[in-house]
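S.K.: Respectively, the protein sequence lines represent chains A and B.
Per my numbering: the first sequence ends with 340, consecutive numbering throughout.
Per my numbering: the second sequence ends with 450, consecutive numbering throughout.
Glycine is no exception: its CB is placed at the ideal position from the N, C-alpha and C atoms.
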Amino acid sequence: MKPKENIVVIGGGIAGLEAAGQLLKLGYNPIVIEKQDHLGGHVAEWNRLFPDMTPASEVVKRLIDQSSEANIFLNTEILFINRLKDRYNVMLSNGISIIARILLFTTGFRLFDASKKEEYGYGVYDQVITNRDLEHWFNNGNDKRIDASGMKAVGFVHCVGSRDEKARNPQCSKVCCITAIKQAIEVKQKFPEAMVYCFYMDLRMFGKKYEDFYISAQRDYGIRFIRGRVSEVSENIDGKVIVKAEDTLAGKPVKVTLDLLVLMSGIVCNPDSAKITGMIELPLDTDGFLKSRDNVADITASPKEGVFYAGSCTGPKTVPETLAEARSAALEIHSYLKEK
Amino acid sequence: MDFGFGIAPSSAVNLDSVDLEKFERLHTAEPDVYKCMACGSCSATCIAGRFSGMSVRKVLHCLQRGKEKEAVSMVKGCMLCGKCSMVCPRGINTRHVILSICRIYGEETK
Ligand SMILES: Cc1cc2nc3c(=O)[nH]c(=O)nc-3n(C[C@H](O)[C@H](O)[C@H](O)COP(=O)(O)OP(=O)(O)OC[C@H]3O[C@@H](n4cnc5c(N)ncnc54)[C@H](O)[C@@H]3O)c2cc1C
Ligand code: SF4
Ligand code: SF4
Ligand code: SF4
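Right, dumping it as structure tokens:
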């Protein structure tokens, strides 16, 4: 019997796992390379997922189960890739090298480092956390910065490190508006007495049922939406943070004292994937993410022979979008190999 | 018919009759003026604004809606400290824009 064709999947997040599962079904031998010690990527860090509050752990578990036949290398990085005639030679940090016609990049994104926006005081004031920290707290309930006893007012800052030329990222991260609303509702459920504010510039409720979330946040949870970008955060003597902005709808400055401030860190290209793409000269798009062959008709193909993409390595994406792309990439790889 | 009261001049913005000739000149001098997303970072950081009512966001908005007088009187409250330029997330050199506004609109509205 002919041995199954190797397909190198770089990144064991949900995109990599879904693609690996599909490639197994199509009769290939996917080899998943994950640099961390666990699978699932960012989704493994989240608690519940919009729009239906599905437990993230269930989604990840299902994907791990369905790709369990694949070869998976954890704690493994790519040392180098070089092109042989019509194949790639991939050298791994564990000493193994793989020869394959197909490379699938599922390297995902990186969350913007909120401490770079110094005016927001992340890493300086204890009451300032990020969207990621809040998901961790939902999962394990332990974060010294969150004092559950006296939670009277909580704020969410949209667009942290997104839509911001000063942070060198003019792009919109797409998922953080809906994440802010989801988290604002969850915080209100935990602390019904607390006032919850969202400081936004535009609310981007593009997805299925997102507008319902927004309406529910307003009507059922009384979340206050203030249209203005937070300009600065400071601490008062009682250990609370003071947030300043312009309420652009009123045309007046606003100031509010909060017990907790959550920064919606944006989605930027994973610098690790840029490192690997450098090895085989894959181009980056003008938004800093990996450049597809065509952003309308061919998002999962790279401009290079045998190299494919899926998930948030080409730009911010939701879980269902990522999964759909992973399936589509698997099918595209299948057609590509059939035509060879 | 006389109802015994008059109708006050409308405060509505009539985009059909807004004269944008000067704004076009401003735009030529400062191509970034169209980039403003009305986030309010400039006004929130401005120290002068709290006393004088100056707000770059409002000035840019008023100028595009034909409310030149309002805009020019706001600009008079600017100290040209440049703090707003430091924070603008769209990277607009707001201080420079203010100077160009003074030059282009200042001519007859002294
Ligand atoms: C705060 C927050 C909350 C969110 N909540 C939701 C939600 O409720 N619902 C929803 O639909 N979406 C949500 N999203 C979006 C969701 O996180 C993404 O859709 C998803 O993570 C994309 O998966 P991915 O596999 O493309 O990338 P990632 O999750 O980033 O996974 C990439 C994987 O590749 C690995 N990797 C990267 N580079 C290398 C390398 N060089 N070598 C080896 N391995 C590598 C990484 O370690 C990681 O495991 C949220 C996003 C954020 C920021
Ligand atoms: S999705 Fe919302 S919070 Fe995120 S960058 Fe876009 S506008 Fe800002
Ligand atoms: S330059 Fe003028 S508008 Fe800008 S912050 Fe200073 S005083 Fe305010
Ligand atoms: S900070 Fe810049 S983008 Fe924001 S309102 Fe002021 S001029 Fe416009």
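How do the segment 214-223 of chain A and the segment 232-252 of chain A stand: do at least 3 beta-carbon pairs fall below 8 Å, yes or no?
M.R.: They do not touch, by the three-pair rule.
S.K.: In angstroms, rounded to a whole number, what distance separates the CA positions of M201 (chain A) and I10 (chain A)?
M.R.: Within the first sequence, the letter at position 201 stands for residue 201 (chain A). Within the first sequence, the letter at position 10 stands for residue 10 (chain A). Each residue's alpha carbon lies about 36 Å from the other.
S.K.: Considering just the uninterrupted stretch of the beta strand (DSSP E) at C159 (chain A), what are its terminal residues?
M.R.: Indexing the first sequence from 1 puts residue 159 (chain A) at position 159. Counting along the chain, the beta strand (DSSP E) containing C159 (chain A) begins and ends at A153 to V160.
S.K.: Counting only the same chain and skipping the five closest in sequence on each side, list residues whose C-beta sits under 8 Å from that of T449 (chain B).
M.R.: Here residue 449 (chain B) refers to the residue found at position 109 of the second sequence. Note that T449 (chain B) scores 47 on pLDDT, short of 50, meaning its location in the model is unreliable; the coordinates nonetheless yield the value given after this. So the list reads E408, K409 and V412, once near-sequence residues are dropped.
S.K.: Could you name the residues of chain A that M394 (chain B) contacts, counting a contact when the two beta carbons are closer than 7 Å?
M.R.: The count along the second sequence starts at 1 and reaches residue 394 (chain B) at position 54. Residues of chain A passing the Cβ test: none, with the nearest at roughly 12 Å.
S.K.: Do the segment 249-256 of chain A and the segment 71-91 of chain A make contact, defined as three or more Cβ pairs closer than 8 Å?
M.R.: Output reads no: the segment 71-91 of chain A does not touch the segment 249-256 of chain A.
S.K.: Which value, in whole angstroms, describes the spacing of the CA atoms of F191 (chain A) and I129 (chain A)?
M.R.: Residue mapping note: residue 191 (chain A) aligns to position 191 of the first sequence, counting from 1. Residue mapping note: residue 129 (chain A) aligns to position 129 of the first sequence, counting from 1. Rounded to the nearest angstrom, the two C-alpha atoms are 17 Å apart.
S.K.: Ignore the nearest five residues each way along the sequence and tell me which others in A20 (chain A)'s own chain have a CB closer than 6 Å to its CB.
M.R.: Stepping through the first sequence from its first residue, residue 20 (chain A) is reached at position 20. V9, P30, V32, S67 and A70, listed in sequence order.
S.K.: For G13 (chain A), which three-state DSSP category applies?
M.R.: By one-based count along the first sequence, residue 13 (chain A) stands at place 13. Reduced to three states, the DSSP call for G13 (chain A) is strand.
S.K.: For the segment 171-179 of chain A and the segment 143-150 of chain A, state whether three or more C-beta atom pairs, one from each stretch, are separated by less than 8 Å.
M.R.: The segment 171-179 of chain A vs the segment 143-150 of chain A: no contact.
S.K.: Closer than 9 Å, CB to CB, is G228 (chain A) near chain B or not?
M.R.: The count along the first sequence starts at 1 and reaches residue 228 (chain A) at position 228. Taking Cβ atoms only, chain B reaches closer than 9 Å to G228 (chain A), which makes this a yes.
S.K.: Could you tell me the alpha carbon to alpha carbon distance between S335 (chain A) and R397 (chain B), rounded to whole angstroms?
M.R.: Numbered from its first residue, the first sequence carries residue 335 (chain A) at position 335. Numbered from its first residue, the second sequence carries residue 397 (chain B) at position 57. Taking the straight line joining both Cα atoms gives about 53 Å.
S.K.: Let me check one thing: in DSSP terms, what residues is K255 (chain A) bridge-paired to?
M.R.: Position 255 of the first sequence, counted from the start, is the residue given in the question as residue 255 (chain A). The partner list for K255 (chain A) (beta bridge, DSSP) reads A:K244.
S.K.: When burial is assigned at 16 or more other CB atoms within 10 Å of the CB, is R390 (chain B) buried or exposed?
M.R.: In the second sequence, residue 390 (chain B) corresponds to position 50, counting from 1. With fewer than 16 other Cβ atoms within 10 Å, it is exposed.
S.K.: Quick one: residues in its chain with C-beta nearer than 8 Å to the C-beta of I441 (chain B), no 5 flanking neighbours on either side, listed in chain order?
M.R.: In the second sequence, counting from the first residue as 1, residue 441 (chain B) sits at position 101. Taken in chain order, the residues that qualify are L366, V399, L403, A411, V412 and V415.
S.K.: Which full runs of the alpha helix (DSSP H) of 4+ residues lie inside the segment 377-417 of chain B, going along the chain?
M.R.: Here the runs fully enclosed are 381-385, 389-392, 396-404 and 408-415.
S.K.: Cβ of H158 (chain A) within 9 Å of Cβ of F109 (chain A)?
M.R.: Here residue 158 (chain A) refers to the residue found at position 158 of the first sequence. Here residue 109 (chain A) refers to the residue found at position 109 of the first sequence. Cβ distance not < 9 Å, so H158 (chain A) and F109 (chain A) don't count as in contact.
S.K.: Can you tell me whether G222 (chain A) is buried or exposed, with buried defined as 16 or more other CB within 10 angstroms of its CB?
M.R.: Translated into positions along the first sequence, residue 222 (chain A) becomes position 222. Answer is exposed; the Cβ neighbour count stays below 16.
S.K.: Could you compute how far the alpha carbon of S149 (chain A) sits from the alpha carbon of D259 (chain A)?
M.R.: The residue you call residue 149 (chain A) lines up with position 149 of the first sequence. The residue you call residue 259 (chain A) lines up with position 259 of the first sequence. Between S149 (chain A) and D259 (chain A), the C-alpha separation is close to 10 Å.
S.K.: What alpha helix (DSSP H) runs, 4 residues minimum, are completely inside the segment 196-226 of chain A?
M.R.: The qualifying runs are 210-219.
S.K.: Which residues end up in the neighbourhood of ligand 4 when you take C-beta atoms closer than 7 Å to any of its heavy atoms?
M.R.: After applying the 7 Å Cβ criterion, the set is A:R229, B:K375, B:C376, B:M377, B:A378, B:C379, B:G380, B:S381, B:C382, B:S383, B:V396, B:R397, B:L400, B:C424, B:V427, B:C428, B:P429, B:R430, B:I432 and B:T434.
S.K.: Tell me, to the nearest whole angstrom, how far the beta carbon of N139 (chain A) is from that of T179 (chain A); I am working on the premise that it is less than 8 Å.
M.R.: Here residue 139 (chain A) is taken as the residue at index 139 of the first sequence, counted from 1. Here residue 179 (chain A) is taken as the residue at index 179 of the first sequence, counted from 1. N139 (chain A) to T179 (chain A), Cβ: 15 Å. No contact.
S.K.: Is the distance from the Cβ of C379 (chain B) to the Cβ of P429 (chain B) below 9 Å?
M.R.: To locate residue 379 (chain B), count along the second sequence from 1; it is residue 39. To locate residue 429 (chain B), count along the second sequence from 1; it is residue 89. Yes. Within cutoff.
S.K.: Taking 9 Å as the cut-off, decide whether the C-beta atoms of G311 (chain A) and I99 (chain A) are in contact.
M.R.: Translated into positions along the first sequence, residue 311 (chain A) becomes position 311. Translated into positions along the first sequence, residue 99 (chain A) becomes position 99. No, these two residues do not count as a Cβ contact at 9 Å.
S.K.: For E325 (chain A), which of A:V187, A:F73 and A:E18 has the nearest alpha-carbon?
M.R.: Counting from 1 along the first sequence, the entry for residue 325 (chain A) is found at position 325. Of the candidates A:V187, A:F73 and A:E18, the one whose C-alpha sits nearest the C-alpha of E325 (chain A) is A:E18.
S.K.: In this structure, how does DSSP classify R48 (chain A) when only helix, strand and coil are distinguished?
M.R.: Within the first sequence, numbered from 1, the residue matching residue 48 (chain A) stands at position 48. Strand.
S.K.: Do Y309 (chain A) and T76 (chain A) have their CB atoms nearer than 9 Å?
M.R.: Position 309 of the first sequence, counted from the first residue, corresponds to residue 309 (chain A). Position 76 of the first sequence, counted from the first residue, corresponds to residue 76 (chain A). No, the pair does not count as a contact, with Cβ atoms beyond the cut-off.
S.K.: Decide if M151 (chain A) is buried, meaning its Cβ has at least 16 other Cβ atoms within 10 Å, or exposed.
M.R.: In the first sequence, counting from the first residue as 1, residue 151 (chain A) sits at position 151. Answer is buried; the Cβ neighbour count reaches 16.
S.K.: Under 7 Å between beta-carbons, which chain C residues line up against R163 (chain A)? List them in chain order, please.
M.R.: Here chain C cannot be found, since the structure's protein chains are A and B.
S.K.: Could you check the C-alpha separation between G228 (chain A) and Q22 (chain A) for me, to the nearest Å?
M.R.: As a first step, residue 228 (chain A) is located in the first sequence; it is residue number 228 there, counting from the start. As a first step, residue 22 (chain A) is located in the first sequence; it is residue number 22 there, counting from the start. Cα to Cα, G228 (chain A) sits roughly 44 Å from Q22 (chain A).
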